[in-house]
Amino acid sequence: MIQRPRADEHEDFYRTSLGKEVLAAEVELLLDLLPEEGRVLSIGCGIGVHEAALRERRPAMELTCSDLQDEMRRSAPSDLNLVQADMTVLPFPDGTYDAVYEITALVFVHDPEKALSEMARVLRPGGSLVLLSLNPLSKWGRDRLGQLPAPWGELEGLVAMVEAATGGVVHVDHALNLEDDVLRESTGLEDAALIVLVSQRPTSKS
16 MIQRPRADEH EDFYRTSLGK EVLAAEVELL LDLLPEEGRV LSIGCGIGVH
66 EAALRERRPA MELTCSDLQD EMRRSAPSDL NLVQADMTVL PFPDGTYDAV
116 YEITALVFVH DPEKALSEMA RVLRPGGSLV LLSLNPLSKW GRDRLGQLPA
166 PWGELEGLVA MVEAATGGVV HVDHALNLED DVLRESTGLE DAALIVLVSQ
216 RPTSKS
């Protein structure tokens, strides 16, 4: 687990040119991966900048935004559907959501396996878990994750942890290259600062 930036640090970053570019790129990724409508849960939504953009682009989506920290929720737009929630003990019934997503939030939790298990629990059968994760294979990711124990230091461990939670196959893709703090299109897993992991909860155990 690493120290989570404060709400004001998030706000400062997303005011920068790079922050605005990263936000726009991450929102486009989510739009490609999330359903156009239905119930969607954001885990560790922070100050809610991604969620505000999603709500504007996907008005038919029933979006619930969860975060444990009061500071983060106070800084988020007040008209979002905000819920105080520990991602390791989510306050929702089994099978509530059509999709659950998080953006680099798992590295800030003490028990990522439990958090993933909870995300899978609240997914309906056939629902999708979408993770935008720091990439341990890239220099950018290693600089930030290198001090952490497995599974964060290895992609295989992260994939295995997601598979164990959902019981489904994990699809991995590369996303954003942030080398030298300049946003570029990544050419493969080795240079992608951010990777996308998607796993669908099986519709049956057969």
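Start counting the sequence shown at 16; every next residue gets the next number (my numbering).
Every residue gets a Cβ at the ideal spot worked out from N, C-alpha and C, and that includes glycine.
As the structure is a computational prediction, the values presented were derived from the model and not from experiment.
Cutoff 7 Å; reference residue i; Cβ partners in own chain excluding five residues on either side
i: A207; result: N150, S153, H189, A190, L191, N192, S201
i: I118; result: E41, H65, L147
i: L44; result: L147, A190, V211
Other residues of its chain near residue i: CB distance less than 8 Å, five sequence neighbours each side excluded
i: L198; result: L33, E36, V37, A40, L191, N192
i: L170; result: N150, P151, L152, V187, L204, I210
i: D126; result: T103
i: S219; result: P140
i: E12; result: The question about residue 12 has no answer here: the residues shown for the chain are numbered 16 through 221.
i: D196; result: L33
i: E26; result: I62, S90
Between the CA atoms of residue j and residue i - distance to the nearest angstrom
i: S221; j: M102; result: Any answer about S221 is weak, because its pLDDT of 47 lies below 50 and its placement is not dependable; what the coordinates show is given next. C-alpha separation (whole angstroms): 29 Å.
i: F28; j: P217; result: 38 Å
i: L212; j: H186; result: 6 Å
i: A130; j: L97; result: 18 Å
i: P50; j: E71; result: 14 Å
i: D47; j: V145; result: 11 Å
i: L147; j: V115; result: 11 Å
i: R30; j: A91; result: 14 Å
i: S214; j: R73; result: 22 Å
i: A175; j: L83; result: 26 Å
i: G142; j: G183; result: 11 Å
i: A120; j: E24; result: 15 Å
i: D158; j: S93; result: 35 Å
Close-in-space but distant-in-sequence residues of the same chain around residue i (CB under 6 Å, 5 per side omitted)
i: L95; result: G63, E66, C80
i: E77; result: R54
i: A100; result: S81, P106
Residue j beta carbon less than 7 Å from that of residue i
i: E52; j: A68; result: no
i: L105; j: E133; result: yes
i: F123; j: R21; result: no
Stretch-stretch touch, CB-based, cutoff 8 Å, three pairs: the segment 27-36 with the segment 52-61: No, they do not touch.
Meets three-Cβ-pair contact criterion under 8 Å: the segment 127-137 and the segment 97-113: When Cβ pairs closer than 8 Å are counted between the two stretches, the segment 127-137 is seen to touch the segment 97-113, the count reaching three or more.
Stretch pair the segment 170-190 + the segment 80-100: three plus CB contacts closer than 8 Å: No, because fewer than three Cβ pairs between the segment 170-190 and the segment 80-100 fall closer than 8 Å, the two stretches do not touch.
Start-end ranges of the alpha helix (DSSP H) lying completely within the segment 123-152, minimum 4 residues: For secondary structure counted as the alpha helix (DSSP H) over 4 or more consecutive residues, the segment 123-152 holds these complete runs in sequence order: 127-136.
In chain order, each beta strand (DSSP E) run of at least 3 residues that lies wholly inside the segment 28-86: 53-58, 76-82, all fully within the segment 28-86.
Within the segment 168-195, ranges of the beta strand (DSSP E) (whole runs, at least 3 residues): List check, beta strand (DSSP E) in window: 185-189.
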